[in-house]
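S.K.: Got a structure for you, written out below as structure tokens; questions coming shortly.
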Amino acid sequence: MTTSEPALTASPPPNLTPRTERILIVEDEALIRETVALALMDEGYEVETAADGKAALDSLCVPPGEMGDAPIDLAILDLMLPEVNGLDLCRYVRQQGLTLPILILSAKSSEMDRVVGLEVGADDYLAKPFGMKELIARCRALLRRHQRQLEPTQAIFRHQDITLYLNELRVTVGTCEVGLSPKEYRILELFMSHPRRVWSREQLIEKVWGPDFMGDRKTVDVHIRWLREKIEPDPSSPKYITTLRGFGYRFG
Ligand code: CA
Numbered sequence: 001m002t003t004s005e006p007a008l009t010a011s012p013p014p015n016l017t018p019r020t021e022r023i024l025i026v027e028d029e030a031l032i033r034e035t036v037a038l039a040l041m042d043e044g045y046e047v048e049t050a051a052d053g054k055a056a057l058d059s060l061c062v063p064p065g066e067m068g069d070a071p072i073d074l075a076i077l078d079l080m081l082p083e084v085n086g087l088d089l090c091r092y093v094r095q096q097g098l099t100l101p102i103l104i105l106s107a108k109s110s111e112m113d114r115v116v117g118l119e120v121g122a123d124d125y126l127a128k129p130f131g132m133k134e135l136i137a138r139c140r141a142l143l144r145r146h147q148r149q150l151e152p153t154q155a156i157f158r159h160q161d162i163t164l165y166l167n168e169l170r171v172t173v174g175t176c177e178v179g180l181s182p183k184e185y186r187i188l189e190l191f192m193s194h195p196r197r198v199w200s201r202e203q204l205i206e207k208v209w210g211p212d213f214m215g216d217r218k219t220v221d222v223h224i225r226w227l228r229e230k231i232e233p234d235p236s237s238p239k240y241i242t243t244l245r246g247f248g249y250r251f252g
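Pasting the structure below:
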């Protein structure tokens with residue numbers, strides 16, 4: 001049989017070149033601000049600086065729809081700042097629903113300040129004086145942790161050797177990729193999302209072809225046969241998709 005539908009073409013891969021991460025440094029002491037900025041740029045980060053809390057707010061909270069620079073991925077906040085202090089800034093940023101990681105940097109190193117900083121939503125705290133390597137390591141860890149939280153968990157259905165990747169419209173049997181037509185894919189997705197359920201041909205037509213389908217019920221059988229040829233180790237004696245005579249089909 002060579003008349004099956006063309007295989008599903010996977011959606012184009014997302015842009016795989018990672019965007020350069022952008023770090024905002026909020027620090028009123030110019031020497032520290034510039035030294036940290038240079039060190040982070042040396043590590044390949046994009047850096048933006050602010051000398052007071054108000055300028056920091058302008059960078060962090062770009063009104064929706066307003067064209068601006070790329071969003072900030074991490075903020076390094078000094079606690080003692082003119083205009084708006086670091087704690088208020090941190091609190092405000094969280095109230096705005098921004099989830100970027102925040103590292104607080106301060107000469108105040110007492111346990112109390114540390115606790116307060118973390119309570120207003122900072123993710124980490126580094127006391128002055130600090131080593132640049134330590135700061136860079138903390139930044140890297142915070143960015144990595146945040147990135148992991150943003151990644152969607154991969155949605156898959158798995159049954160024995162068969163894995164169906166929902167976001168990628170892709171199916172593997174063992175380690176082999178299987179090229180399915182759109183209809184074959186929909187049938188398998190339906191089956192795998194309802195293991196052991198018995199489907200009549202009418203139900204499969206309704207779900208896969210839609211209520212306006214005018215064709216023959218035999219269409220279902222033909223597609224099931226094609227699907228079996230692709231996923232069953234022995235299509236003549238199927239172990240995944242079984243036929244229930246007089247009822248329909250069942251997966252699993
Ligand atoms: Ca300061």
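Mapping the sequence shown onto this note's numbering, position 122 (from 1) lands on 122, and the numbers just tick up by one. Ideal Cβ placement from N, Cα and C applies to all residues, glycine included.
(1) Work out the CA separation of GLN149 and THR242 for me, nearest whole Å.
(2) How long is the line joining the alpha carbons of GLU83 and ARG140, rounded to whole angstroms?
(3) Check each residue's C-beta against every heavy atom of ligand 3 and list, in chain order, those closer than 6 Å.
(4) Tell me which residues share the same chain as ARG94 and place their Cβ nearer than 6 Å to its Cβ, disregarding the 5 neighbours each side in the sequence.
(5) Can you tell me whether ILE72 is helix, strand or coil according to DSSP?
(6) Compare the Cα-Cα distances from ILE72 to each of TYR185, THR49, ILE32 and report the closest residue.
(7) Measure how close the beta-carbons of PRO182 and HIS146 come, nearest whole angstrom, since I'm counting them as under 8 Å.
(8) Where are the beta strand (DSSP E) runs, 3 residues long or more, that stay fully inside the region 149-179, in chain order?
(9) So, helix, strand or coil for LEU38, using DSSP?
(10) How many angstroms separate the CA atom of ALA39 from the CA atom of LEU105?
(11) Could you give the distance in angstroms between the alpha-carbon of LEU227 and the alpha-carbon of THR175?
(12) With DSSP as the reference, identify every bridge partner of VAL26, one or two as the case may be.
(13) Can you give the Cα-Cα distance for ASP42 and THR35, rounded to whole angstroms?
(14) Using a Cβ-Cβ cutoff of less than 8 Å, which residues in the same chain neighbour GLU5 once the five nearest sequence positions on both sides are dropped?
(15) So, does the region 196-204 touch the region 212-229, judging by three or more C-beta pairs under 8 Å?
(16) Less than 7 Å between C-beta atoms, sequence neighbours within five positions excluded: which residues of the same chain meet that for PHE251?
(17) How close, in whole Å, do the beta carbons of ASP28 and ASP78 come, if the pair is a contact with beta carbons under 8 Å?
(18) May I have the straight-line CA-CA distance separating GLY44 from ASN85, to the nearest angstrom?
(19) Consider the Cβ of GLY215: report whether some Cβ of chain B lies at a distance smaller than 9 Å.
(20) Give the DSSP bridge partners of ILE102, in chain order.
(21) Measuring CA to CA, which of VAL198, ARG170, GLU229 is closest to TYR249?
(22) Once the 5 residues before and after PRO233 are set aside, which same chain residues still bring their CB inside 6 Å of it?
(23) Are PHE157 and LEU169 close, meaning C-beta to C-beta below 9 Å?
(24) Grouping DSSP H, G and I as helix and E and B as strand, with all else coil, what is ARG225?
(25) In this structure, what does DSSP give as the bridge partners for GLY248?
M.R.: The answer reads as follows:
(1) 40 Å
(2) 29 Å
(3) As presented, the structure is devoid of ligand 3, carrying ligand 1 as its sole ligands.
(4) GLY121
(5) coil
(6) THR49
(7) That belief does not hold up - the Cβ atoms of PRO182 and HIS146 are roughly 36 Å apart, past 8 Å.
(8) 156-159, 162-165, 170-173, 176-178
(9) helix
(10) 15 Å
(11) 17 Å
(12) ALA50, LEU77
(13) 11 Å
(14) Residue placement at GLU5 is poorly supported in this model, since its pLDDT is 47, which falls under 50; the coordinates are not used for a value here.
(15) yes
(16) PHE191, MET192, PRO195, TYR240, ILE241
(17) 7 Å
(18) 28 Å
(19) Structure shown: chain B not included; a single protein chain is present.
(20) ALA75
(21) VAL198
(22) none
(23) no
(24) helix
(25) LEU244
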